[in-house]
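Novice: Here this note's numbering is used: the first residue of the sequence shown is 177, the next is one more, and so on. The beta-carbon is built from N, C-alpha and C at its ideal position, and this holds for glycine as well. What follows is a structure written as structure tokens; I'll ask about it next.
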Amino acid sequence: MKKILTLLLAAAALTLPAQNADERIGTLINESQWFALQQTLAQTPRKDVSPMLYELATSLTFHHFNQPDSAIAHTSLLLQNYQDELGTANALNMAVLLSSDMARAGQYAQAADLMESLSRQVQAQGADSASVSQMRQTADQYRTYASLGSVCRPLHPRADYRLPLDTLDLLHSLAHKSGQHLLTLQGSLNRTSTKLVFDTGAGINIISSSDAARCGLRPLDTTISMAGFGIQQGQMAIADTLRMGDMTWINVPFFIVDMSTGNDRADSIGSLLPPVIGLPVMQTMQEIQFDFARRELLIPGRLTPMPQTGPNLLLNDNNNLNLLTRDGWGNPVVMHLDTGIYLTGFNQKWYNQNEKRVRAEGVLDSIRMAGVGGIIRERTYRLPSMALNMGSAQATLHNVHVGTGLDLSSGKPMPGPSSMPPTIDGTIGLNLFEQFPRVILNLKDMYLEGCPGKP
177 MKKILTLLLA AAALTLPAQN ADERIGTLIN ESQWFALQQT LAQTPRKDVS PMLYELATSL
237 TFHHFNQPDS AIAHTSLLLQ NYQDELGTAN ALNMAVLLSS DMARAGQYAQ AADLMESLSR
297 QVQAQGADSA SVSQMRQTAD QYRTYASLGS VCRPLHPRAD YRLPLDTLDL LHSLAHKSGQ
357 HLLTLQGSLN RTSTKLVFDT GAGINIISSS DAARCGLRPL DTTISMAGFG IQQGQMAIAD
417 TLRMGDMTWI NVPFFIVDMS TGNDRADSIG SLLPPVIGLP VMQTMQEIQF DFARRELLIP
477 GRLTPMPQTG PNLLLNDNNN LNLLTRDGWG NPVVMHLDTG IYLTGFNQKW YNQNEKRVRA
537 EGVLDSIRMA GVGGIIRERT YRLPSMALNM GSAQATLHNV HVGTGLDLSS GKPMPGPSSM
597 PPTIDGTIGL NLFEQFPRVI LNLKDMYLEG CPGKP
């Protein structure tokens, strides 16, 4: 499932002094290599980096590794002291990130004020109407959150909570079951009992119009553009209460979207999707343990210490989780982390880098994908097996698809999901999670760790 909130305009290239550390860090910024930037910055003496570039790299690192309070402090200093060195385009991009971090930190009124000001600036500079409209939608969203006083506020104390896990196969209407499924929990919205999909790939919470009415959500005037293989508009609605087990939240925002792909069969299956719980709720949990051995989620009261290897997760600007790992051929890869998709697979970027070996070892195949705004059928290669790491643990999957970026019928290049940054090598789906008896997802220290053993 691909859902995004696009904030950034196209980033302008930085002009950097011809110093080794500056060149290295500047290249990583321009290529959006955030994991490498974090590691390089930690290993480089501060005196070796120009003051402006140090503040810029530090701001971006805190932003992508989910430390909004620190990001706000450094980005504010950067814009106060180095705006001329940054240049107009880069200063604007950093101001957009500042607004995003204010929202992540719960400073919604300030975030809305800043985004409204930026939308007026880019309009005066002749930006396209779509970019201006996107920024205004974001400002409206932040303004709405500010009016609520608190968003996704937990009422339960910090403690251990265990939630029974179930699964849902949306393809049950086909002639035979596919085995592909979603993770679900039993919960309630406004005291109305409902099944809930638990989706790490959802940057926002999503609900259908029928479920929103059934559960008594309050629809608001605020809308948001959601992108997958196309664009759809979602309307914000508020659940006064969300309950899962003994855990309760108030003022939980959902976006009302009825999937429209242009394919009647896909839309009929999509209409069966229960409300989706995404990252806005998960981040308040801080740590989630997928205990597949006991078929439950554990939300621990005491967080698991981060491995010495450091963080391997980041939040990209579409509010999606990206994991740094290695494939079975020894390549470092950055993967979109999405339990709302069942099958793990690689995309065109990874195929282009490994084309010779994929063509030698794989079998020509195809895969059909439906999502917000459209449906595609892509020419793929199917690899007999591929190992992937989740933290320090490794598991092997069979029949792994590798996308070529080519339409199956025409053989012509096709657009990928617009929520997928160009730095991503593929998607880790639920079938890799389920190879482990337990998986730890820590959204405070930003790491993912698979626990080895029999699943």
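#1: Would the stretch 321 to 337 and the stretch 355 to 372 be scored as touching if the rule is three or more Cβ pairs under 8 Å?
#2: Counting pairs of beta carbons, one from the stretch 481 to 496 and one from the stretch 618 to 628, are three or more of them closer than 8 Å?
#3: Going by DSSP, name the residue or residues bridged to I414.
#4: In terms of residues, what are the limits of the alpha helix (DSSP H) holding K588?
#5: Which residue marks the beginning of the alpha helix (DSSP H) containing P699, and which one marks its end?
#6: Checking 8 Å against the spacing of the C-beta atoms, do A315 and A288 come in under that value?
#7: Three-state secondary structure (DSSP) at L274?
#8: Near M482, what residues of its chain come up, given a Cβ to Cβ distance below 8 Å and the 5 sequence neighbours on each side ignored?
#9: Alpha carbon to alpha carbon, how far is Q297 from N507? Give it in angstroms, no decimals.
#10: I'd like to know whether the C-beta atoms of R558 and N575 end up nearer to each other than 8 Å.
#11: Counting pairs of Cβ atoms below 8 Å between the stretch 597 to 604 and the stretch 506 to 526, do you hit three or more?
#12: Could you tell me the distance, in whole angstroms, from the CA atom of S385 to the CA atom of G363?
#13: Assuming contact is defined by CB atoms lying nearer than 8 Å, are L479 and Q462 in contact in what I supplied?
#14: If the criterion is Cβ atoms closer than 8 Å, does the pair W505 and T460 meet it?
#15: What is the DSSP secondary structure of P628, reduced to helix, strand or coil?
#16: Using 8 Å as the limit for Cβ to Cβ distance, is M228 near chain B?
#17: For S275, count neighbouring Cβ atoms within 10 angstroms of its own Cβ and tell me buried if that reaches 16, exposed if not.
#18: Consider the C-beta atom of G581 and the heavy atoms of the ligand MN; say whether any pair is separated by less than 7 Å.
#19: L204 by DSSP, collapsed to three states: which one?
#20: What would DSSP say about H512, mapped onto helix, strand or coil?
#21: Quick check on Q283: does DSSP put it in helix, strand or coil?
#22: With H, G and I counted as helix, E and B as strand and the rest as coil, what does DSSP make of L448?
#23: Are the Cβ atoms of L491 and N242 separated by less than 8 Å?
#24: Measure the C-alpha to C-alpha separation of L359 and R319 and round it to an integer number of angstroms.
#25: Under the rule that 16 or more other beta-carbon atoms within 10 Å means buried, what is S561, buried or exposed?
#26: In the DSSP assignment, what residue or residues form a beta bridge with Y318?
#27: Looking at the secondary structure, which residues open and close the beta strand (DSSP E) in which Y337 lies?
#28: Short of 7 Å in beta carbon distance, which residues of its chain neighbour L339, apart from the five on each side in sequence? Order them along the chain.
#29: To the nearest angstrom, how far is it from the Cα of R614 to the Cα of V509?
#30: Taking the beta carbon of G379 as the centre, do at least 16 other beta carbons fall within 10 Å, making it buried, or is it exposed?
#31: Leaving aside the five residues before and after H239 along the sequence, list all residues of the same chain whose C-beta is less than 7 Å from its C-beta, in chain order.
#32: Is DSSP giving T343 helix, strand or coil here?
#33: Reducing DSSP to helix, strand and coil, say where T376 ends up.
#34: Can you have a look at E554 and say buried or exposed, based on whether 16 or more other CB atoms are within 10 angstroms of its CB?
#35: Taking the alpha-carbon positions, what's the S568 to G629 distance?
#36: Given this structure, state the Cα-to-Cα distance separating M177 from P451, to the nearest angstrom.
Specialist: Taking the definition as stated:
#1: no
#2: yes
#3: Within the sequence shown, the letter at position 238 stands for residue 414. Looking at the DSSP assignment, I414 forms a beta bridge with R394, P429.
#4: Along the sequence shown, one-based indexing puts residue 588 at 412. First-last for K588: undefined, no H or E at that position.
#5: Because residue 699 is not part of the residues shown, which for the chain are 177 to 631, the question remains open.
#6: Sequence index remark: in the sequence shown, residue 315 carries index 139 (1-based). Sequence index remark: in the sequence shown, residue 288 carries index 112 (1-based). The answer is yes: Cβ separation under 8 Å.
#7: Along the sequence shown, read from residue 1 onward, the residue named residue 274 stands at position 98. Reduced to three states, the DSSP call for L274 is helix.
#8: Taking the first residue of the sequence shown as 1, we reach residue 482 at position 306. Closer than 8 Å at the Cβ level, and outside the excluded window around M482, lie N618, D621, Y623.
#9: Within the sequence shown, numbered from 1, the residue matching residue 507 stands at position 331. Within the sequence shown, numbered from 1, the residue matching residue 297 stands at position 121. Those two C-alpha atoms are separated by around 43 Å.
#10: The residue given as residue 558 occupies position 382 in the sequence shown. The residue given as residue 575 occupies position 399 in the sequence shown. Going by C-beta atoms, R558 is nearer than 8 Å to N575.
#11: yes
#12: Residue 385 sits at position 209 when you count from the first residue of the sequence shown. Residue 363 sits at position 187 when you count from the first residue of the sequence shown. Going by the C-alpha atoms only, they are around 18 Å apart.
#13: To locate residue 479, count along the sequence shown from 1; it is residue 303. To locate residue 462, count along the sequence shown from 1; it is residue 286. Contact flag set, yes.
#14: Within the sequence shown, residue 505 is the residue found at index 329, counting from 1. Within the sequence shown, residue 460 is the residue found at index 284, counting from 1. Going by C-beta atoms, W505 is not nearer than 8 Å to T460.
#15: Translated into positions along the sequence shown, residue 628 becomes position 452. Here P628 sits in coil by DSSP.
#16: The structure shown contains no chain B; it holds only a single protein chain.
#17: Locating residue 275 in the sequence shown gives position 99, where the first residue counts as 1. When all chains shown are included, S275 counts as buried.
#18: The ligand MN is absent from the structure shown, which contains no ligand whatsoever.
#19: Within the sequence shown, residue 204 is the residue found at index 28, counting from 1. Here L204 sits in helix by DSSP.
#20: As a first step, residue 512 must be located in the sequence shown, where it is residue number 336. Of the three classes helix, strand and coil, the one that applies to H512 here is strand, per DSSP.
#21: To locate residue 283, count along the sequence shown from 1; it is residue 107. Q283: coil per DSSP, three-state reduction.
#22: Translated into positions along the sequence shown, residue 448 becomes position 272. Looking at L448 - three-state DSSP - the assignment turns out to be coil, as it is neither helix nor strand.
#23: Counted from its first residue, the sequence shown places residue 491 at position 315. Counted from its first residue, the sequence shown places residue 242 at position 66. In contact: L491 and N242 (Cβ atoms closer than 8 Å).
#24: In the sequence shown, residue 359 corresponds to position 183, counting from 1. In the sequence shown, residue 319 corresponds to position 143, counting from 1. Cα to Cα, the separation comes out at about 32 Å.
#25: Looking up residue 561 in the sequence shown gives position 385. Answer is exposed; the Cβ neighbour count stays below 16.
#26: Here residue 318 corresponds to residue number 142 of the sequence shown, with the count starting at 1. For Y318, which the question treats as bridged, DSSP gives no partner whatsoever.
#27: In the sequence shown, counting from the first residue as 1, residue 337 sits at position 161. Unbroken beta strand (DSSP E) run through Y337: 337 to 340.
#28: Residue mapping note: residue 339 aligns to position 163 of the sequence shown, counting from 1. Taken in chain order, the residues that qualify are L361, M420, G421, E472, L473.
#29: Locating residue 614 in the sequence shown gives position 438, counting from the first residue. Locating residue 509 in the sequence shown gives position 333, counting from the first residue. Each residue's alpha carbon lies about 22 Å from the other.
#30: Stepping through the sequence shown from its first residue, residue 379 is reached at position 203. When all chains shown are included, G379 counts as buried.
#31: Indexing the sequence shown from 1 puts residue 239 at position 63. Closer than 7 Å at the Cβ level, and outside the excluded window around H239, lie A247, L273, D277.
#32: On the sequence shown, residue 343 is found 167 positions in, with the first residue counted as 1. It is a strand residue.
#33: The residue given as residue 376 occupies position 200 in the sequence shown. DSSP places T376 in coil when its eight states are reduced to three.
#34: By one-based count along the sequence shown, residue 554 stands at place 378. Buried: at least 16 other Cβ atoms inside 10 Å.
#35: Within the sequence shown, residue 568 is the residue found at index 392, counting from 1. Within the sequence shown, residue 629 is the residue found at index 453, counting from 1. C-alpha separation (whole angstroms): 13 Å.
#36: Against the sequence shown, residue 177 aligns to sequence position 1. Against the sequence shown, residue 451 aligns to sequence position 275. Confidence at M177 is low in this model, with a pLDDT of 36, below 50, so its placement is unreliable and no value can be given for it.
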